[in-house]
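*Asks:* Residue numbers (my numbering), protein chains in the order written: chain A, 1 to 183; chain B, 184 to 553. Ideal Cβ positions, reconstructed from N, Cα and C, are used throughout, including at glycine.
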Ligand SMILES: [Zn+2]
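Below, the structure written as C-alpha cells:
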C-alpha cells in the first residue's frame, strides 16, 4: 500500500512538473503585478519577480483606468484576506468590481494574464473562490501551490479555460514556472 | 498596605514552589536585589559573548523596584553595525518565545553590530497563572514550570499568564471594556488593559502594563534598534500559528526572509502585515513609533488550543515539540537579519554560535543551553 501511495505521489509530481514545463515562454516584459483579494501573498510574488529579474511594477489596488499598455503582462496574485481588505479600506464587493473592470481592460489591451495562487488552503473559501473564478476564466496561465487545489478547483477551471496549470508544492518553487513563462 | 501584603504573598508562594521544584533555586541569589527588582530569579546563563546586563527601568526609572522591571541582556561587537532586539514573554504563557530568547542568551557570539535580548518582556505576567473571570482559559494554561535536561543538569523555566498580574497593575480593569487611547475600534474585554501587546506605545499615567510598554518604546528609541522581534505563540492549527506579522514599512524584508526559510530549511510561514487600524500591538506601534523594522512570529502551542486539557505537555508535544517552535522563532529572526544586513551593509548584524535549525528541531532546546 505504501509503495502504491509512493508511486501515485511520484506520478503526480511528475505530471505536475510536465505541466509546468509545457508552458513555453509566452509572456512579454515588463509585468504589472496586482493583488486580487489583498493578501500578503502579493509581497511574496514581488520577491519572486525580483529574484527572477523580471522587470515589473507593483500596485496592489491598481484600477482599470491605470492600464495603458505599457505593461505587457498582468500578474494576478489571487486570494482573499479579510484583514488585508480591511487594512486597504476596501470591501470584498468593491474588490470584485475592481477585478472585473481590470480583467476587461486587460483583455482589450491583449495583455497576457498570469494567475498566481500561492496561499494554499488558507486562501480558499467562499470569498477567495469568488475572486479565483473570474480570474481563471481570462487567464493564459496559472501557477498554484498544490495545497490550494486539493478539491481540484484550479484543475477544473484550467481545463475549462483550456490553459496550462503549473502546480508547485510551495511558494518558493513558484519562481521557476513564473520565470519560464516570460520571453 | 493591603497591596503590599498581597505582593509579598505572591513572592512567597512563587519561591516556595521554586524551591520545591528545584533545589538549585535554593543556591540562587536572594529573591530581590537591593532595589527589589526581582520577583523571580529566572535561570538564564549567558554565553561568554555577553557584554553587560541592564534593566527595562534604565529606560523608564519609574519601573525600578516594580514587578514590571525586567532584565536586559546586551551582546555587543567591537565591529560597528546595526542593532537587533529580540523579546520573549510578552505573553508569559507562550513559552517557546521565552525559550527562543534563552537560546540567544546562552549561545550568542556577535561579530558585527549588537543584539539586545529581553526574555521576559512582561515580568509581572510570569508571576501568576490566575484563572480570571473573562480571561480565556488558554491564556493561563499549562504547567507552572517546564523542566529541560541540559548539559549542566535539569533546569527550570517559569510559565505565566497572558495578562499582567492584577495585583501589580495598580489600576483596575476598565468597566465596559478596554479601549486603546488611539483606537476607534470597539472595546476589548476589560482584562486586555493588562495585555502588553495591546498597550503600545504605552503611557506613564496609567497601569503597570502601560508603563512597561512605554519603557520598551524608550529602549527601542534610545538604543536605535534597527530590527525588532516579538516572539509569540498561538493555538496550534489556528489562523495565527506559523505566521510572521510585519509592519507594512518592512513587509518586503519579511517576504524575502520567508522565501529563504523555505529554501534553506523547508520551513513555510504565513505572512501578514500589521493592521494599522488595530492599535497597541508591538509590530504596529514599534514600527510606527521608532526606526525599527518590526516583526512578530507566532508558533503553534498545543496548550493554546481552545479545549486543550489543563495538563497539556508544552515541551514534548508530538506534533509541535518545543524545539521545533523555538527553531522557528530563532531562524525567522536569522533570516530577517540576513536580508536586512544584505540591504544595509553599513548596518549589518552578524552573529554565530546558535544551534542549527535541524538540530534544534530534532533534539529540543535542552542540549543547547548551558
Ligand atoms: Zn502572544
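Count the other C-beta atoms from every protein chain shown that fall within 10 angstroms of the C-beta of residue 347 of chain B, then say buried if there are 16 or more, exposed otherwise.
*Replies:* Looking up residue 347 of chain B in the second chain gives position 164. By the 10 Å Cβ count, residue 347 of chain B comes out buried.
*Asks:* Whole angstroms are fine: how far does the CA of residue 408 of chain B sit from the CA of residue 542 of chain B?
*Replies:* In the second chain, counting from the first residue as 1, residue 542 of chain B sits at position 359. In the second chain, counting from the first residue as 1, residue 408 of chain B sits at position 225. Straight-line Cα distance between these residues: approximately 29 Å.
*Asks:* According to DSSP, simplified to helix, strand and coil, what is residue 387 of chain B?
*Replies:* To locate residue 387 of chain B, count along the second chain from 1; it is residue 204. If DSSP states are grouped into helix, strand and coil, residue 387 of chain B belongs with coil.
*Asks:* Under 8 Å: does the beta carbon of residue 100 of chain A sit that close to some heavy atom of ligand 1?
*Replies:* As a first step, residue 100 of chain A must be located in the first chain, where it is residue number 100. Incorrect: residue 100 of chain A has no Cβ contact closer than 8 Å to ligand 1.
*Asks:* Taking Cβ to Cβ, would you say residue 412 of chain B is nearer than 9 Å to residue 519 of chain B?
*Replies:* Here residue 412 of chain B is taken as the residue at index 229 of the second chain, counted from 1. Here residue 519 of chain B is taken as the residue at index 336 of the second chain, counted from 1. The answer is yes: Cβ separation under 9 Å.
*Asks:* Using the Cβ count rule (16 or more neighbours within 10 Å means buried), how would you classify residue 263 of chain B?
*Replies:* Working through the second chain from its first residue, we reach residue 263 of chain B at position 80. Counting Cβ neighbours within 10 Å, residue 263 of chain B comes out exposed, since fewer than 16 surround it.
*Asks:* Hey, is residue 271 of chain A's beta-carbon within less than 9 Å of any beta-carbon in chain B?
*Replies:* A question about residue 271 of chain A goes unanswered here, because the residues of chain A that appear run from 1 up to 183.
*Asks:* Less than 8 Å between the CB atoms is what I'm expecting for residue 179 of chain A and residue 114 of chain A, so what's the real figure, rounded?
*Replies:* Residue mapping note: residue 179 of chain A aligns to position 179 of the first chain, counting from 1. Residue mapping note: residue 114 of chain A aligns to position 114 of the first chain, counting from 1. Residue 179 of chain A to residue 114 of chain A, Cβ: 11 Å. No contact.
*Asks:* According to DSSP, is residue 235 of chain B helix, strand or coil?
*Replies:* One-based indexing of the second chain puts residue 235 of chain B at position 52. In this structure, residue 235 of chain B counts as strand in the three-state DSSP scheme.
*Asks:* Hey, could you find the ends of the alpha helix (DSSP H) residue 150 of chain A is sitting in?
*Replies:* Your numbering for residue 150 of chain A matches position 150 in the first chain. Counting along the chain, residue 150 of chain A falls outside any alpha helix (DSSP H), and DSSP gives it neither H nor E.
*Asks:* Which value, in whole angstroms, describes the spacing of the CA atoms of residue 228 of chain B and residue 157 of chain A?
*Replies:* Here residue 228 of chain B refers to the residue found at position 45 when the second chain is read from its first residue. Here residue 157 of chain A refers to the residue found at position 157 when the first chain is read from its first residue. Whole-angstrom Cα-Cα distance: 58 Å.
*Asks:* If you follow the beta strand (DSSP E) that residue 415 of chain B is part of, which residue opens it and which one closes it?
*Replies:* Walking along the second chain from the start, residue 415 of chain B turns up at place 232. Unbroken beta strand (DSSP E) run through residue 415 of chain B: 410-418.
*Asks:* Could you tell me the alpha carbon to alpha carbon distance between residue 415 of chain B and residue 423 of chain B, rounded to whole angstroms?
*Replies:* Against the second chain, residue 415 of chain B aligns to sequence position 232. Against the second chain, residue 423 of chain B aligns to sequence position 240. Residue 415 of chain B and residue 423 of chain B: Cα-Cα distance of roughly 10 Å.
*Asks:* Can we count residue 377 of chain B as close to ligand 1, meaning its CB is less than 8 Å from some heavy atom?
*Replies:* Within the second chain, numbered from 1, the residue matching residue 377 of chain B stands at position 194. Not one heavy atom of ligand 1 sits closer than 8 Å to the Cβ of residue 377 of chain B.
*Asks:* Should residue 171 of chain A be flagged as near chain B, meaning a C-beta pair shorter than 9 Å?
*Replies:* Looking up residue 171 of chain A in the first chain gives position 171. Chain B, which has a Cβ nearer than 9 Å to the Cβ of residue 171 of chain A, makes this yes.
*Asks:* Under the criterion of a Cβ to heavy atom distance below 8 Å, does residue 417 of chain B qualify as lining ligand 1?
*Replies:* The residue you call residue 417 of chain B lines up with position 234 of the second chain. Checking every heavy atom of ligand 1 against the Cβ of residue 417 of chain B, one is found closer than 8 Å.
*Asks:* Using a Cβ-Cβ distance cut-off of 9 Å, determine whether residue 208 of chain B contacts chain A.
*Replies:* Walking along the second chain from the start, residue 208 of chain B turns up at place 25. Only weak support exists for where residue 208 of chain B lies, its pLDDT of 41 falling under 50; the coordinates are left without a value.
*Asks:* Can you list, in chain order, the residues of its chain whose CB lies under 6 Å from that of residue 62 of chain A, leaving out five sequence neighbours each side?
*Replies:* Residue numbering aside, residue 62 of chain A sits at position 62 when the first chain is read from its first letter. Excluding sequence neighbours, residue 62 of chain A sits near 34.
*Asks:* So what does DSSP say about residue 163 of chain A, is it helix, strand or coil?
*Replies:* Counting from 1 along the first chain, the entry for residue 163 of chain A is found at position 163. Residue 163 of chain A sits in coil when the DSSP states are folded into three classes, being neither helix nor strand.
*Asks:* May I ask which residues mark the beginning and end of the beta strand (DSSP E) holding residue 476 of chain B?
*Replies:* For the purposes of this step, residue 476 of chain B is taken as the residue at position 293 of the second chain. Counted as a single uninterrupted DSSP element, the beta strand (DSSP E) harbouring residue 476 of chain B occupies residues 476-484.
*Asks:* Determine whether the beta carbon atoms of residue 342 of chain B and residue 288 of chain B lie at a separation below 9 Å.
*Replies:* Walking along the second chain from the start, residue 342 of chain B turns up at place 159. Walking along the second chain from the start, residue 288 of chain B turns up at place 105. No, the pair does not count as a contact, with Cβ atoms beyond the cut-off.
*Asks:* Identify the contact partners of residue 458 of chain B in chain A, using a Cβ-Cβ distance below 7 Å as the criterion.
*Replies:* Position 275 of the second chain, counted from the start, is the residue given in the question as residue 458 of chain B. The contacting residues are 83, 86 and 87.
*Asks:* For residue 257 of chain B, name the three-state secondary structure that DSSP assigns.
*Replies:* Within the second chain, numbered from 1, the residue matching residue 257 of chain B stands at position 74. In the structure shown, residue 257 of chain B sits in a strand (DSSP, three-state: E or B).
*Asks:* Quick one: what's residue 338 of chain B bridged to in DSSP?
*Replies:* The residue you call residue 338 of chain B lines up with position 155 of the second chain. Answer is B:331, bridged to residue 338 of chain B.
*Asks:* Taking Cβ-Cβ distances shorter than 7 Å, what residues in chain B pair up with residue 43 of chain A?
*Replies:* Residue 43 of chain A sits at position 43 when you count from the first residue of the first chain. By Cβ distance, chain B contributes 434, 435, 438 and 454.
*Asks:* Do you know offhand how far residue 198 of chain B's Cα is from residue 361 of chain B's?
*Replies:* As a first step, residue 198 of chain B must be located in the second chain, where it is residue number 15. As a first step, residue 361 of chain B must be located in the second chain, where it is residue number 178. Any reading at residue 198 of chain B must be qualified, since the residue scores a pLDDT of 40, below 50, and its modelled position is unreliable; the value itself is stated next. Cα to Cα, the separation comes out at about 33 Å.
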